[in-house]
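Taking our numbering, the leading residue of the sequence shown gets 3, the next gets one more, and so forth.
Comments concern the structure below.
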Amino acid sequence: VIGEFINLPMVTQIIGSGETKGSVILKSGIQADLRVVKPLEFPHALQHFTGSKEHNTDLRRHAKSLGYKVNEYGLFKEEDSGPIYCDDEAGIYLQLGLAYIPPELREGLGEIEAALAGELPELIWPEAIKGIFHVHTNYSDGVNSLREMAEAANRRGYRYLGIADHSGTAVYARGLSSEILLKQFEEIEELNREYPDFRIFKGIEADILASGELDYGSEILAKFDFVIGSIHSHFRMNKNEMTARILKAMDSPFLTMLGHATGRILLERPGYEVDLDAVIEKAAENDVILEFNANPYRLDLDWRWLKKAKERGVKIAINPDAHSTGELDLVNSGLAVARKGWLETGDVFNCWETEQVIEYFQRRKITG
């Protein structure tokens, strides 16, 4: 088995190999390890190598308090040399008096204590997502037409779709002029009449300008059902300047969601400097939704900040930032990361029913 593994075509470097373990570097640059274990040891090895170092340290500490030792080979009573084998991972946690801890939560961030107290979250699942926001069309830099995006979302069983093409300042992305916006609005209204059980919301991804103002004036912004504010320029502001810029945008009565809050592009561009604690506090204060951008090149906010936002009571929208019909599915692929942030259905805006979403948008327009 190990011999076959280290000679796979995608392997570029062999770090080491033996009878029960092989380590290689793949063409993608990722290190891959393969372990061969005895059948009875498999659940224990799976649990051990799935959990982070911090989680396993916490689990060993908890096990020791109960008179056990735990490792990848089994569960052991300290005074007895024979292993206790469990049928699966859940059995390991049960033997230690814990509720089953899903793999996404095994990070050493209080999950052991939560499992002991019966307070682990019921993590979000794909079927809970009722609709999608932050979707681009060929009105700006998307590949597919508005109709194609709407029909693709409808076929996937979603109940609503939030269109958010780029605003006028984003000339690099064919940002929409006020005239083009009116044309798009007309098409959205026509499609809403054609599909009475499926709702398309009129939105925009408005650039947050260097001043902290949103692109477009208040007369145009008031016409949208929702507004996502995002930064696409002036990334090199210092932390205080960038934070002030974002907080000013979040004080706008028209802002509904803050898009990709750090602007990071994974493996390409680090996020800009910003005080995310202040951003989360402002979101809680102003009832602004924070986006979890599920595009695999962004995954922004980072899952650690999703957990902090949840703890502060801030709602999260899991958005694909889709530029084609196929990219609508990025919502599902991003769910694994959202689950790492302890997100439940009650934390996620696009788990809401259509009428709840409409009510929220209307309330935002009234209260500002």
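Ideal Cβ placement from N, Cα and C applies to all residues, glycine included.
The structure displayed is predicted, hence computed values, not measured ones.
Same chain, Cβ closer than 6 angstroms to residue i, neighbours up to 5 away in sequence not counted
| i | result |
| --- | --- |
| residue 85 | 76 and 78 |
| residue 256 | 223 and 229 |
| residue 226 | 204, 205 and 206 |
| residue 27 | 14, 15 and 33 |
| residue 130 | 347 and 353 |
| residue 342 | 106 and 305 |
Sequence-distant residues of its chain with Cβ nearer than 7 angstroms to residue i (five each side left out)
| i | result |
| --- | --- |
| residue 172 | 209 and 234 |
| residue 139 | 146, 147, 148, 151, 165 and 167 |
| residue 272 | 266 |
| residue 327 | 146, 150, 151 and 154 |
| residue 64 | 98 and 114 |
| residue 1 | The structure shown does not extend to residue 1, since the chain is modelled only from 3 through 370, so no value can be given for it. |
| residue 316 | 282, 285, 286 and 292 |
| residue 218 | 169, 170 and 208 |
| residue 108 | 52, 53, 54 and 57 |
Option in the options with minimal Cα separation from residue i
| i | options | result |
| --- | --- | --- |
| residue 333 | 310, 298, 343 and 367 | 298 |
| residue 184 | 141, 109 and 157 | 141 |
| residue 267 | 288, 277 and 296 | 296 |
| residue 263 | 69, 232, 330 and 285 | 232 |
| residue 55 | 66, 73 and 277 | 73 |
| residue 91 | 17, 105 and 69 | 105 |
| residue 248 | 194, 219 and 282 | 282 |
| residue 24 | 12, 14, 38 and 11 | 38 |
| residue 240 | 70, 177, 335 and 275 | 275 |
| residue 238 | 250, 212, 219 and 53 | 212 |
| residue 174 | 159, 143 and 319 | 143 |
| residue 135 | 366, 365 and 359 | 359 |
| residue 110 | 365, 344 and 368 | 344 |
| residue 366 | 314, 288, 310 and 313 | 288 |
| residue 215 | 189, 187 and 244 | 244 |
| residue 191 | 163, 176, 177 and 179 | 163 |
| residue 89 | 71, 48, 11 and 117 | 48 |
| residue 313 | 8, 349 and 302 | 349 |
Near the ligand GDP: residue i beta-carbon under 7 angstroms from a heavy atom
| i | result |
| --- | --- |
| residue 204 | This structure does not include the ligand GDP; it has no bound ligands of any sort. |
Buried versus exposed, by CB contacts within 10 Å (16 or more), residue i
| i | result |
| --- | --- |
| residue 22 | exposed |
| residue 30 | exposed |
| residue 40 | exposed |
| residue 254 | buried |
| residue 3 | exposed |
| residue 128 | exposed |
| residue 58 | buried |
| residue 45 | buried |
| residue 123 | buried |
| residue 169 | buried |
| residue 82 | exposed |
| residue 319 | buried |
| residue 53 | buried |
Cutoff 8 angstroms; reference residue i; Cβ partners in own chain excluding five residues on either side
| i | result |
| --- | --- |
| residue 363 | 203, 227, 228 and 258 |
| residue 20 | 4 |
| residue 260 | 230, 231, 232, 248, 251, 252, 281, 285, 290, 291, 292 and 293 |
| residue 335 | 296 and 298 |
Inset, instruction - Evaluate contact between the stretch 323 to 331 and the stretch 345 to 363, counting only Cβ atoms and requiring at least three cross-stretch pairs below 8 angstroms. - result: They do not touch, by the three-pair rule.
Legend entry - Inside the stretch 44 to 99 only - beta strand (DSSP E) runs reaching at least 3 residues: If you keep only unbroken beta strand (DSSP E) runs of at least 3 residues inside the stretch 44 to 99, you get 70 to 73 and 76 to 79.
Inset, instruction - Ignoring anything shorter than 4 residues or poking outside the stretch 296 to 325, list the alpha helix (DSSP H) runs there in chain order. - result: Complete alpha helix (DSSP H) runs here, min 4: 305 to 313.
Inset, instruction - Report the residue ranges of all beta strand (DSSP E) runs contained in full by the stretch 167 to 248; include only those spanning at least 3 residues, in chain order. - result: Fully enclosed beta strand (DSSP E) runs of 3 or longer: 201 to 209 and 228 to 232.
Legend entry - Unbroken stretches of the beta strand (DSSP E), 3 residues or longer, contained in the stretch 257 to 297: Runs of the beta strand (DSSP E) inside the stretch 257 to 297: 291 to 295.
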